[in-house]
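J.:
Number of protein chains: 2
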Amino acid sequence: MTFSQRLAQAARMVDARLAQTLDDAAAGGAPSRLVAAMRHAALGEAKRLRPFLLVECAGLFGVAMEATLPAAAALECVHCYSLVHDDLPAMDNDDLRRGKPTVHRAFDEWTAILAGDALLTIAFALLATPQTHAEPAVRAELAAGLAAAAGAGGMVGGQCLDLEAEKLGLPAQPQQVHVERLQAMKTGALIRFACEAGAILGRAAPDERRALMLYGERLGAAFQIADDLLDTQGDAAVMGKAARKDAGKATLVSVLGQRAAEARLVVLESDALAALDAFGPNADVLREAARFVVRRVK
Amino acid sequence: MTFSQRLAQAARMVDARLAQTLDDAAAGGAPSRLVAAMRHAALGEAKRLRPFLLVECAGLFGVAMEATLPAAAALECVHCYSLVHDDLPAMDNDDLRRGKPTVHRAFDEWTAILAGDALLTIAFALLATPQTHAEPAVRAELAAGLAAAAGAGGMVGGQCLDLEAEKLGLPAQPQQVHVERLQAMKTGALIRFACEAGAILGRAAPDERRALMLYGERLGAAFQIADDLLDTQGDAAVMGKAARKDAGKATLVSVLGQRAAEARLVVLESDALAALDAFGPNADVLREAARFVVRRVK
Chain A
2 MTFSQRLAQA ARMVDARLAQ TLDDAAAGGA PSRLVAAMRH AALGEAKRLR PFLLVECAGL
62 FGVAMEATLP AAAALECVHC YSLVHDDLPA MDNDDLRRGK PTVHRAFDEW TAILAGDALL
122 TIAFALLATP QTHAEPAVRA ELAAGLAAAA GAGGMVGGQC LDLEAEKLGL PAQPQQVHVE
182 RLQAMKTGAL IRFACEAGAI LGRAAPDERR ALMLYGERLG AAFQIADDLL DTQGDAAVMG
242 KAARKDAGKA TLVSVLGQRA AEARLVVLES DALAALDAFG PNADVLREAA RFVVRRVK
Chain B
2 MTFSQRLAQA ARMVDARLAQ TLDDAAAGGA PSRLVAAMRH AALGEAKRLR PFLLVECAGL
62 FGVAMEATLP AAAALECVHC YSLVHDDLPA MDNDDLRRGK PTVHRAFDEW TAILAGDALL
122 TIAFALLATP QTHAEPAVRA ELAAGLAAAA GAGGMVGGQC LDLEAEKLGL PAQPQQVHVE
182 RLQAMKTGAL IRFACEAGAI LGRAAPDERR ALMLYGERLG AAFQIADDLL DTQGDAAVMG
242 KAARKDAGKA TLVSVLGQRA AEARLVVLES DALAALDAFG PNADVLREAA RFVVRRVK
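These protein sequence lines map, in sequence, to chains A and B. The numbering used here applies: residue 2 is where the first sequence begins, and numbers increase by one. The numbering used here applies: residue 2 is where the second sequence begins, and numbers increase by one.
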């Protein structure tokens, strides 16, 4: 199976689990309008990179894909909620996402806010159920890690720094260290946690867990630079969302320039690959994933 | 100690725990603007009814107040996040809350959305930590219960039904059963869970847990009717928020009329008290709480 086939297979499994989770929510009394908006946000064509990283990292320790799906779906719910809220008029005001109207365009603002809230909440419901792992201690550890990665010191905090820089002009001259911090929080924390969550599910040894977190951290940083490079080069048809939407945003491309950003991408790819050394050939799929992230702009 | 003193004491302890939680978030790298908005939303004068119910229900089983505070603070974070999002222009568009400008007025919309997101996330972080309970199984049970009460089949779902009825006019004629369902979800689920969480922390027997859930359910319904009656009678100075803000909303007062709503309140109070019978005089504070909720409008 090629890397692309493997990625697509995981995406299909995660999609099915997400669909089932939303069906369960509807059966449990969630209003149909709310569930429809959650489906719009969470289902459909998407790479499902974070779930894939979780699945593959857990796989290093012999955890079967099927057993990782509740946690993988939880992670994707958090990612999807963040897209719904980031797209809102008060934030990035985007009309297009994954080639479809954004949730507040397809429905309205209040429905989009609530759908995001509900997706975030359902992520923790998924993690808390015994399907995620038979051991409550593992579930509690996953919930603590997800909350840290997604919260004020992670993803939400990064989005705050991003909007602050854009809307309030702080800091006046965005500098590399500031941009790296905000991106490590905004996109890096959840990607790093995807890898850590695989290690938690796999009951990895501390040094293995740290290695996967380092891999995830560098991969997340590379992913963001690749995304920013694509944004400056890309067109909306390829990206499924508006191109050059980040004009005016503080990115490493705007701070360092395109050449230096591309060079940074190469370093991050090499760091990510080095973090996998201890795993030998078992980690070949994760190596492919690092190349896949970088290859998008090569 | 009188009931009011006991309520105020719990509120002070919960406030201190909330303040500490937000200090920890700031120390953990959360942006200062985000933490300021979270503080604005979560700290200050408030009854802290939900935490109080949790503390008192856990107390029935010998759990010390100090030991209940992380879970109590988590519950209040969820309540506060829901107020921040409900107040947004796209939802209820309120300017005043607890006698202060709402978060989107004091800051702006995007900060308010993110502060709400972060408060919801931090609630699950609190529940996942060993401070909440030494047993991971108890923490996982609390997280599952909170997610169910707060999510698409609970609080968020109820807010969706409420806004749907108001903004989209569905159902054309709000009827008692529809209003009771939406209120049971919107406010009832979290109040009921506050009582259930006390039982979970106290390792209550199944019938004791069910009795406290019934108490919480009836108390929650009574609380909402009292709130709606206050809204039709009250003035903004007493309520700390705009009066008659619910004009046009589907409430039991608008559906049944004031007299019938008051009679329903008496029945709910009596149901709530009856649910406590098995606990004898130990539950006297919870009995006072039921009277307190109803007394607000008598």
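Every residue gets a Cβ at the ideal spot worked out from N, C-alpha and C, and that includes glycine. From a predicted model like this one, the values you see are computed outputs, not experimental measurements.
1. Give the residues of chain B in contact with residue 121 of chain A, contact being defined as C-beta atoms less than 8 Å apart.
2. The segment 146-173 of chain B: which residues have C-beta closer than 8 Å to a C-beta of chain A, in chain order?
3. Below 8 Å between beta carbons is the criterion; list the residues of the segment 91-102 of chain B that meet it against any residue of chain A, in chain order.
4. Could you tell me which whole alpha helix (DSSP H) segments of length 4 or greater appear in the segment 171-207 of chain A?
5. Which of the residues in the segment 23-47 of chain A, read from start to end, lie with their CB under 8 Å from any CB of chain B?
6. Using C-beta distances below 6 Å, list every residue in its chain close to residue 133 of chain B, excluding the 5 sequence neighbours before and after it, in chain order.
7. Please go through the same chain and pick out, in chain order, the residues whose beta-carbon is closer than 8 Å to the beta-carbon of residue 63 of chain B, but skip the five residues on each side of it.
8. So does the segment 25-38 of chain B actually touch the segment 78-87 of chain A, counting three or more Cβ pairs closer than 8 Å?
9. Helix, strand or coil for residue 115 of chain B? Go by DSSP, reduced to three states.
10. For residue 228 of chain B, count neighbouring C-beta atoms within 10 Å of its own C-beta (all shown protein chains included) and say buried if the count is 16 or more, exposed if not.
11. Tell me, please, whether the CB atom of residue 204 of chain A is closer than 8 Å to any CB atom in chain B?
12. Scan the segment 125-143 of chain A for residues whose Cβ lies nearer than 7 Å to a Cβ of chain B and list them as they occur along the chain.
13. Terminal residues of the continuous alpha helix (DSSP H) containing residue 156 of chain A?
14. Looking at the unbroken alpha helix (DSSP H) that takes in residue 1 of chain A, where does it start and where does it end?
15. Taking residue 86 of chain A as the query, report the chain B residues whose CB atoms sit under 7 Å from its CB, ordered along the chain.
16. Counting only beta-carbon separations shorter than 8 Å, does residue 89 of chain B have a partner in chain A?
17. Under 7 Å between beta-carbons, which chain A residues line up against residue 209 of chain B? List them in chain order, please.
18. Can you give me the start and stop residues for the alpha helix (DSSP H) that residue 69 of chain A sits inside?
19. List the endpoints of the continuous alpha helix (DSSP H) containing residue 146 of chain A.
20. At least one CB of chain B closer than 8 Å to the CB of residue 110 of chain A: is that the case?
21. Look up residue 101 of chain A in the DSSP assignment and give the residues it is bridged to.
22. So, residue 130 of chain B versus residue 152 of chain A, is the Cβ gap smaller than 8 Å?
23. With a 10 Å radius around its C-beta and 16 neighbouring C-beta atoms as the bar for buried, classify residue 278 of chain A as buried or exposed.
24. Do the CB positions of residue 17 of chain B and residue 52 of chain B come within less than 8 Å of each other?
25. According to DSSP, is residue 62 of chain B helix, strand or coil?
26. How about residue 286 of chain B and residue 7 of chain B: do their beta carbons lie closer than 8 Å?
27. Anyone know if the C-beta pair for residue 148 of chain B and residue 149 of chain A falls short of 8 Å?
28. Would you call the segment 103-110 of chain B and the segment 39-48 of chain B in contact, with 3 or more CB pairs under 8 Å?
29. Below 8 Å between beta carbons: does that hold for residue 58 of chain A and residue 196 of chain A?
30. In angstroms with no decimal places, state the Cα-to-Cα distance between residue 61 of chain A and residue 218 of chain B.
31. Let me know if residue 2 of chain B comes out buried or exposed under the rule of 16 or more other beta-carbons within 10 Å of its beta-carbon.
32. Which two residues bound the contiguous alpha helix (DSSP H) that contains residue 4 of chain A?
T.: This is what the structure holds:
1. 118, 121, 122, listed in chain order.
2. Among the residues of the segment 146-173 of chain B, those with a Cβ less than 8 Å away from any Cβ of chain A are 147, 148, 149, 151, 152, 153, 154, 157, 158, 160, 161, 162, 164, 165, 168, in the order of the chain.
3. The residues in question are 91, 92.
4. List check, alpha helix (DSSP H) in window: 177-184, 190-202.
5. In summary, the residues of the segment 23-47 of chain A whose CB is separated from some CB of chain B by less than 8 Å are 26, 29, 30, 31, 32, 34, 35, 36, 39, in the order they occur in the chain.
6. Setting aside the 5 residues that flank it on each side, residue 133 of chain B is surrounded in the same chain by 71, 72, 140, each with a C-beta closer than 6 Å to its C-beta; the list follows chain order.
7. If we look at residue 63 of chain B and ignore the five residues flanking it on each side, its Cβ neighbours are 203.
8. In short, these stretches do not touch, since the Cβ pair count stays below three.
9. Helix, per DSSP.
10. Residue 228 of chain B is buried by the Cβ-count criterion.
11. No, no contact with chain B.
12. Per Cβ criterion, the list reads 125, 126, 129, 130, 137, 138, 140, 141.
13. Following the DSSP letters along the chain, one finds residue 156 of chain A inside the alpha helix (DSSP H) bounded by residues 156-164.
14. What is shown of chain A runs 2 to 299, which leaves residue 1 of chain A out entirely.
15. Within chain B, the residues near residue 86 of chain A are 114, 118.
16. Interface residue, yes.
17. Against residue 209 of chain B, chain A offers no close residue; the least beta-carbon distance is about 22 Å (beta-carbon pairs closer than 7 Å).
18. If you look at residue 69 of chain A, you'll find it in the alpha helix (DSSP H) that goes 66-88.
19. Unbroken alpha helix (DSSP H) run through residue 146 of chain A: 137-151.
20. By this cut-off, residue 110 of chain A is an interface position.
21. DSSP output for residue 101 of chain A lists A:98 as bridge partner(s).
22. Contact check for residue 130 of chain B against residue 152 of chain A fails: the beta carbons are separated by 8 Å or more.
23. Label assigned to residue 278 of chain A: exposed.
24. In terms of Cβ geometry, residue 17 of chain B and residue 52 of chain B do not form a close pair [threshold 8 Å].
25. Reduced to three states, the DSSP call for residue 62 of chain B is coil.
26. Cβ atoms of residue 286 of chain B and residue 7 of chain B: closer than 8 Å.
27. Against a cut-off of 8 Å, the Cβ pair of residue 149 of chain A and residue 148 of chain B comes out as no contact.
28. Enough Cβ pairs lie closer than 8 Å, so yes.
29. Cβ atoms of residue 58 of chain A and residue 196 of chain A: closer than 8 Å.
30. Cα to Cα, the separation comes out at about 46 Å.
31. Classification of residue 2 of chain B: exposed, given that the 10 Å Cβ count is below 16.
32. Boundaries of the alpha helix (DSSP H) around residue 4 of chain A: 4-28.
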